[in-house]
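Working notes, structure below.
Written out as structure tokens, the structure reads:
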């Protein structure tokens, strides 16, 4: 997730994905990938990592929790970080 970039007007989700694809040479940006795998799945993985390690770096950001609560899981629901 991108906690502050879009909120602060620094970069959009698309900007982040394009930068990562071009800069790192990966086929799918991190936010596209999150939508593809499912934001609910990403949240569940982060929660397991948080419980397993106790490291707060794995705590899902409020935006992710909000989107999952609203049923916005990404591609599988037609709405997530991007709209499909």
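Numbering (the working numbering), first residue to last: 204 to 287.
In this text, a Cβ means the ideal position worked out from N, Cα and C, and glycines have one as well.
Being a predicted model, the structure only gives us computed values, none of them experimental.
Spatially closest choice to residue i from the options, by CA coordinates
i           : options               : result
residue 265 : 246, 214 and 224      : 246
residue 275 : 256, 228 and 244      : 244
residue 271 : 257, 256, 229 and 240 : 240
Proximity of residue i and residue j at Cβ, strictly below 7 Å
i           : j           : result
residue 277 : residue 242 : yes
residue 191 : residue 238 : Coverage of the chain is limited to positions 204 through 287, which leaves residue 191 absent and any answer about it impossible.
residue 249 : residue 259 : no
Separation of residue j from residue i, as counted between CA atoms
i           : j           : result
residue 220 : residue 234 : 6 Å
residue 269 : residue 280 : 15 Å
residue 215 : residue 285 : 11 Å
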